[in-house]
Amino acid sequence: GAGVSQSPSNKVTEKGKDVELRCDPISGHTALYWYRQRLGQGLEFLIYFQGNSAPDKSGLPSDRFSAERTGGSVSTLTIQRTQQEDSAVYLCASSPPARGRYEQYFGPGTRLTVT
Amino acid sequence: AQSVTQLDSQVPVFEEAPVELRCNYSSSVSVYLFWYVQYPNQGLQLLLKYLSGSTLVKGINGFEAEFNKSQTSFHLRKPSVHISDTAEYFCAVIASGGSYIPTFGRGTSLIVHP
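If you read the protein sequences in the order shown, they are chains W and U.
Quick note: the first sequence uses our numbering, first residue 1, plus one each step.
Quick note: the second sequence uses our numbering, first residue 1, plus one each step.
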C-alpha cells in the first residue's frame with residue numbers, strides 16, 4: 001500500500017517568508033509525528049498527534065512553528081518568518097494503533113533551505 | 001527522561017566483513033528499543049525492535065541486535081556486510097508507560113568499501 005508522503009520534496013525560501021509543509025500519513029494510522037533533521041544530526045522531535053487528543057507540542061522550538069492535523073489524517077507544519085537556522089530536512093512519520101503503535105513509518109522528508 | 005548515545009559517528013568497513021554499531025541508553029524506567037536505517041535522500045525505515053521477550057532480536061537485511069539490560073546497550077550487528085548496507089543508522093528508545101515519542105541517537109554512518 002501507499003506509504004507516508006510529504007510535499008514538497010524540496011523548498012527554497014527567503015528569510016522572513018512563511019512556509020507550509022504537508023504530510024499524508026498511511027491510511028488508518030492514528031499517530032503522526034514531525035521531526036527536524038539538521039545536517040549530520042539526529043532527529044529532533046517537534047510535535048506528536050494521537051487520534052483526537054490534544055497534540056504534544058513540547059518539541060516545537062519557538063512560536064514561529066505550528067502544526068495542525070485535519071480530520072485525523074493530513075498534517076501541515078507551518079514555519080512563520082523563516083530564519084536560516086530553520087534550514088533542515090523535515091520528516092513526518094505515522095504509527096498504526098494497537099500493537100504496532102511503537103513502530104514509525106517515515107516519509108521521504110522535505111528539504112527546506114532558507115536563503 | 002531517556003537518552004541515547006551512539007558512540008561512533010562513522011564506521012568504515014570492507015565488504016563481507018562483520019560490523020557492530022554501538023548504542024547505549026539511559027532511562028529510569030523500562031524501555032523499548034529500535035534501530036532504523038536511512039538510505040541517502042530517503043526517510044527512515046525500521047530495521048528491528050525490542051519490546052519484550054528474547055533479548056536477541058533479528059531484523060531485516062540480515063541485521064540483529066542484542067538487548068543487554070545490565071549494560072544498558074542495544075548494539076546492532078551483521079556478520080557480513082554488503083555495499084548496499086552503506087547508510088545512516090539510528091538507535092531509538094521509547095520509555096514504557098509513557099508517551100510514544102522516541103528519543104533518537106545522533107546516528108552512525110556505515111560506509112562499506114569494496
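Beta carbons are placed, not taken as given, at the ideal position from N, Cα and C, and that holds for glycine.
What you are looking at is a predicted structure, and each value in this text was computed from that prediction instead of being measured.
- Message: Counting only Cβ pairs nearer than 9 Å, list the residues of chain W close to I111 (chain U).
- Response: Neighbours of I111 (chain U) on chain W: none; closest Cβ ~14 Å, over 9 Å.
- Query: Relative to the alpha-carbon of R22 (chain U), which residue among U:K58, U:Q10 and U:Q38 has its alpha-carbon at the smallest distance?
  - Reply: Distance check between R22 (chain U) and each of U:K58, U:Q10 and U:Q38 places U:Q10 closest, using alpha-carbon atoms only.
- Taking S87 (chain W) as the query, report the chain U residues whose CB atoms sit under 9 Å from its CB, ordered along the chain. Near S87 (chain W) there are no residues of chain U at all, since even the closest Cβ is about 16 Å away, more than 9 Å.
- Report the rounded CA-to-CA distance for E88 (chain U) versus I94 (chain U), giving the unit in angstroms. Straight through space, the alpha carbons of I94 (chain U) and E88 (chain U) are spaced by roughly 20 Å.
- Nearest residue (CA-CA) to Y33 (chain W), options W:L39, W:S66 and W:Q83: Nearest C-alpha to Y33 (chain W): W:S66.
- In the DSSP assignment, find the beta strand (DSSP E) that holds L32 (chain W) and state where it starts and stops. Note, L32 (chain W): beta strand (DSSP E), A31 to Q37.
- Return helix, strand or coil for E68 (chain W), following the three-state DSSP convention. DSSP places E68 (chain W) in strand when its eight states are reduced to three.
- Query: Any beta-carbon of chain W closer than 8 Å to the one on I60 (chain U)?
  - Reply: No, I60 (chain U) lies away from the interface with chain W (no Cβ there is under 8 Å from its Cβ).
- Task: Kindly identify the DSSP beta-bridge partner or partners of L44 (chain U).
- Result: U:Q38, per the DSSP bridge assignment.
- Item | For S53 (chain W), three-class secondary structure by DSSP | The DSSP-derived three-state label of S53 (chain W) is coil.
- Task: Spell out whether any CB of chain W is found under 8 Å from the CB atom of S99 (chain U).
- Result: S99 (chain U) belongs to the set of residues whose beta carbon lies under 8 Å from a beta carbon in chain W.
- Task: Helix, strand or coil for S75 (chain W), going by three-state DSSP, please let me know.
- Result: Of the three classes helix, strand and coil, the one that applies to S75 (chain W) here is strand, per DSSP.
- Query: Is any beta-carbon of chain U found at less than 8 Å from that of D56 (chain W)?
  - Reply: The beta carbon of D56 (chain W) falls within 8 Å of a beta carbon belonging to chain U, placing the residue at that interface.
- Query: What are the boundary residues of the beta strand (DSSP E) that D24 (chain W) is part of?
  - Reply: Start and end: V19 to D24.
- Which of helix, strand or coil DSSP assigns to R101 (chain W): In this structure, DSSP gives R101 (chain W) a helical state, which the three-state scheme calls helix.
- Task: Please report how far the alpha carbon of G42 (chain W) lies from the alpha carbon of Y102 (chain W), in whole angstroms.
- Result: Going from the Cα of G42 (chain W) to the Cα of Y102 (chain W) covers about 19 Å.
- Are the C-beta of P108 (chain W) and some C-beta of chain U separated by less than 8 Å? So, interface residue.
- Item | From U:I101, U:K49, U:G43 and U:V81, residue whose alpha carbon lies closest to that of E20 (chain U) | Answer by Cα proximity: U:V81.
- Could you tell me whether the Cβ of G107 (chain U) comes closer than 8 Å to any Cβ of chain W? Output row for G107 (chain U): interface = yes.
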